[in-house]
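> Okay, handing you the structure first.
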Amino acid sequence: MSDYIIKHTESSVILENITEFSLSQIFNCGQCFRFNPVGEHTYGGVAFSKYIEVSQHENAVILNHVTIDEFCTLWCDYFDLKTEYAEIIKSFSYDTYLTSASEFSSGLRILRQEPWETLCSFIISQNNNIPRIKGIIETLSKTYGEKVYEKDGKEYFSFPSAKTLAGVGEEAIFRLRTGFRAKYIFDAANKVSSGEIDLTQIFSMNTNDAMQYLQKICGVGPKVASCVLLFAYHKYDAFPMDVWVKKILSAHYPKGTTAEYFGPFAGIAQQCLFYYERCSCGVFLNTKKEVTL
DNA sequence: GGGCAGGTCTAAG
DNA sequence: CTTAGACCTGCC
Numbered sequence: 055m056s057d058y059i060i061k062h063t064e065s066s067v068i069l070e071n072i073t074e075f076s077l078s079q080i081f082n083c084g085q086c087f088r089f090n091p092v093g094e095h096t097y098g099g100v101a102f103s104k105y106i107e108v109s110q111h112e113n114a115v116i117l118n119h120v121t122i123d124e125f126c127t128l129w130c131d132y133f134d135l136k137t138e139y140a141e142i143i144k145s146f147s148y149d150t151y152l153t154s155a156s157e158f159s160s161g162l163r164i165l166r167q168e169p170w171e172t173l174c175s176f177i178i179s180q181n182n183n184i185p186r187i188k189g190i191i192e193t194l195s196k197t198y199g200e201k202v203y204e205k206d207g208k209e210y211f212s213f214p215s216a217k218t219l220a221g222v223g224e225e226a227i228f229r230l231r232t233g234f235r236a237k238y239i240f241d242a243a244n245k246v247s248s249g250e251i252d253l254t255q256i257f258s259m260n261t262n263d264a265m266q267y268l269q270k271i272c273g274v275g276p277k278v279a280s281c282v283l284l285f286a287y288h289k290y291d292a293f294p295m296d297v298w299v300k301k302i303l304s305a306h307y308p309k310g311t312t313a314e315y316f317g318p319f320a321g322i323a324q325q326c327l328f329y330y331e332r333c334s335c336g337v338f339l340n341t342k343k344e345v346t347l
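Residue numbers 55 to 347, in my numbering, belong to the letters of the first sequence in order.
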């Protein structure tokens, strides 16, 4: 992995000989709600207020609308390209079920997403389904974000800042069909924009302290907090305990198995187990798009 | 049409 | 400390 080849033009970066990288796994494992298929083997979306398109053909990945400088300072980390996933997967060999899951999910990478957007997204995710989660995030961005790109009449928007959402008020957030989550989003926006919660500080906190800290926000419990820590801060030991993982644990592991059992990369193990389980249930095969692939 | 969705809050024991 | 219910909404 470390010896992939980087080439570039003025506005695109090409990565050759890349391994442990699958766009469909990365964007369909449920960590990210902002990228959608825009063509054959291509996903487009907005992150860090920039629109990019990413295509993959076997071991070659092309990032469009990306300069080599932006790749080095942002997208390389966004796609977690400095981490040796092959080594991590190898470290799971003590567990046969996890080995199967991680080999099946070997193209999965934990994206390094924006803390504020990730926090909001997973507040929205509670007691909700993926199509609606995506819809709400899209509406929030369209209504209160800024237009960052336009193509074929389709407009793309950044995710609104905490300050913006605090400013528009709970009622306005509720009107976007966010339901009972409106007051949670508003509380998060207030605490973050006022500095009561400093999202930057979390980078230097340990996972336990960060879990407690994030849960000061109304509507943030252990599941949402651990998703934020894993998907925005790369705290790989954060272990989101959702209904699927509970199901997996009760079906394949002894009673009382905890996150600690999975070690320092428990979060990555969780994603592999989650993806493996959901694929075997056919959850990701339900859309017409996926069936044709 | 009713149940359900990648949780969390609140009110009770 | 643990455990039910309720919760907005939209899509299967």
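Glycine residues also receive a C-beta, built at the ideal position from the N, C-alpha and C atoms.
What you are looking at is a predicted structure, and each value in this text was computed from that prediction instead of being measured.
1) Just the Cα atoms here: how many angstroms apart are residue 302 and residue 325?
2) Can you confirm whether the segment 170-188 touches the segment 143-154 when touching is taken to mean that 3 or more C-beta pairs between the two stretches lie within less than 8 Å?
3) Specify the secondary structure class of residue 253 as computed by DSSP and reduced to three states.
4) State the CB to CB distance for the pair residue 238 and residue 273, rounded to an integer number of angstroms; the pair is presumed to be in contact (CB under 8 Å).
5) What ranges does the alpha helix (DSSP H) occupy inside the segment 186-229, keeping only unbroken runs of at least 4 residues that lie completely in it?
6) By the DSSP assignment, the alpha helix (DSSP H) with residue 300 in it spans what residues?
7) Take residue 188 and list the residues in its own chain whose beta-carbon comes closer than 7 Å to its own, dropping the five residues that flank it on each side.
8) Under 8 Å: do the segment 114-129 and the segment 58-72 share three or more Cβ pairs, one atom per stretch?
9) With a threshold of 16 other CB atoms inside 10 Å of the CB of residue 305, please say whether the residue is buried or exposed.
10) In chain order, what residues of the same chain have a beta carbon less than 7 Å from the beta carbon of residue 185, not counting five sequence neighbours either side?
11) Please state whether DSSP places residue 177 in a helix, a strand or coil.
12) Could you tell me the alpha carbon to alpha carbon distance between residue 73 and residue 226, rounded to whole angstroms?
13) For the segment 275-295 and the segment 200-215, state whether three or more C-beta atom pairs, one from each stretch, are separated by less than 8 Å.
14) Look at the alpha carbon of residue 156 and the alpha carbon of residue 330, and state the distance between them as a whole number of angstroms.
15) What distance in whole Å lies between the Cβ atoms of residue 101 and residue 192, which are believed to be in contact at a cut-off of 8 Å?
16) Can you give the Cα-Cα distance for residue 215 and residue 309, rounded to whole angstroms?
In brief:
1) 12 Å
2) no
3) coil
4) 3 Å
5) 216-222, 224-227
6) 297-306
7) 87
8) yes
9) exposed
10) none
11) helix
12) 45 Å
13) no
14) 8 Å
15) Their Cβ separation, rounded to whole angstroms, is 14 Å, which puts residue 192 and residue 101 out of contact at 8 Å.
16) 42 Å
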